[in-house]
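**Q**
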Amino acid sequence: MLSKSYSNLILECGTDEAGRGCLAGPVTAAAILLPEHFNNELLNDSKQLSEKTREKLKPIIQEIAISFAVTHILPEEIDEINILNASMKAMQESILQLKTRPDFIIVDGNRPIFSKLGIKSTYGKQFSETEIARLKSIPNQSIIKGDSKYLSIAAASVLAKTYRDEYMNQIHEEFPMYNWKKNKGYPTKDHREAIKKYGPCKYHRMSFRLLPEQLELEF
């Protein structure tokens, strides 16, 4: 049974990301405020759920939420600021988009949610001083395996995963040879074999090792 709250404050936001280990596509984060009475026996860490269950939960979560937001950080920005900073920024952007200000934030992982704020980059959103101050004003706690402990983080993980999968399904139509509809950009054997055969495309993260050394591209 997942816990409803870490802080015991009503407006506690949960946030999580999906796609950090992928070779292609965005890293996607969600932030969500759930009502105090919310509960759902199906809800769990999105990695522990089937695609069918995640898709079933998505509209339920969205309908019941006090507020939620989802953010994609695209490969160009990932390559510029690195994947850890991009993951953090995606969660921060999602928090800023919430229509209701949280009183407390819990985040999956071991990094404080505001450990990196206002990173300057060529691509993506630039945080204003007001936005940075707003984020800094909210108490927060990182929780290892929080997506398997707290309802709000689990809900955020489901939204991040389903929105990212939808994005990957869309760009699959543009580059079907990589089979993103199935592998979602993760470093599977078929994905790497396609990179070896066709080379990378504009959706690949060029700062990542796209192929193991024995399969390096030859140009």
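Take the sequence shown: its letter number 22 is residue 23 in my numbering, and every next letter is one higher. A virtual CB, placed ideally from N, CA and C, is assigned to each residue, including glycine. Predicted model only: the values in this text are computed from it and were never measured.
Can the beta-carbon of L24 be found closer than 8 Å to that of H173?
**A** Counted from its first residue, the sequence shown places residue 24 at position 23. Counted from its first residue, the sequence shown places residue 173 at position 172. The answer is no: Cβ separation not under 8 Å.
**Q** Let me know the alpha helix (DSSP H) ranges lying completely inside the stretch 74–111, each 4 residues or longer, listed in chain order.
**A** Runs found: 76–82 and 84–98.
**Q** Rounded to whole angstroms, what is the Cα-Cα separation between E194 and R165?
**A** As a first step, residue 194 must be located in the sequence shown, where it is residue number 193. As a first step, residue 165 must be located in the sequence shown, where it is residue number 164. Cα-Cα distance, rounded: 22 Å.
**Q** Measuring CB to CB, does K100 end up less than 8 Å from S68?
**A** As a first step, residue 100 is located in the sequence shown; it is residue number 99 there, counting from the start. As a first step, residue 68 is located in the sequence shown; it is residue number 67 there, counting from the start. Yes, the pair counts as a contact, with Cβ atoms nearer than the cut-off.
**Q** How big is the Cα-Cα spacing for K137 and V108?
**A** Along the sequence shown, read from residue 1 onward, the residue named residue 137 stands at position 136. Along the sequence shown, read from residue 1 onward, the residue named residue 108 stands at position 107. Answer to the nearest angstrom: the Cα atoms are 15 Å apart.
**Q** Could you tell me the alpha carbon to alpha carbon distance between K185 and E52, rounded to whole angstroms?
**A** By 1-based counting over the sequence shown, the position of residue 185 is 184. By 1-based counting over the sequence shown, the position of residue 52 is 51. Looking at the two C-alpha atoms, the distance is approximately 12 Å.
**Q** Among G15, D104 and I114, which residue has its Cα nearest to the Cα of A66?
**A** By 1-based counting over the sequence shown, the position of residue 66 is 65. Comparing Cα positions, the closest option is G15.
**Q** For the alpha helix (DSSP H) containing N184, name the first residue and the last one.
**A** For the purposes of this step, residue 184 is identified with residue 183 of the sequence shown, where counting begins at 1. Segment W181 to N184, the alpha helix (DSSP H) holding N184.
**Q** So S143 and P113 are supposed to be a Cβ contact under 8 Å. How far apart are they, rounded?
**A** As a first step, residue 143 is located in the sequence shown; it is residue number 142 there, counting from the start. As a first step, residue 113 is located in the sequence shown; it is residue number 112 there, counting from the start. Yes, they are in contact, since the Cβ atoms of S143 and P113 sit about 6 Å apart, within 8 Å.
**Q** Identify every residue that forms a DSSP beta bridge with L30.
**A** Numbered from its first residue, the sequence shown carries residue 30 at position 29. For the record, residue 30 in the displayed sequence is Ala; it is not Leu. In the DSSP output, where bridge partners are listed per residue, A30 has E18 and T72.
**Q** Just how far apart, CA to CA, sit I196 and E167?
**A** Mapped onto the sequence shown, residue 196 falls at position 195. Mapped onto the sequence shown, residue 167 falls at position 166. Spanning the two alpha carbons is a distance of roughly 21 Å.
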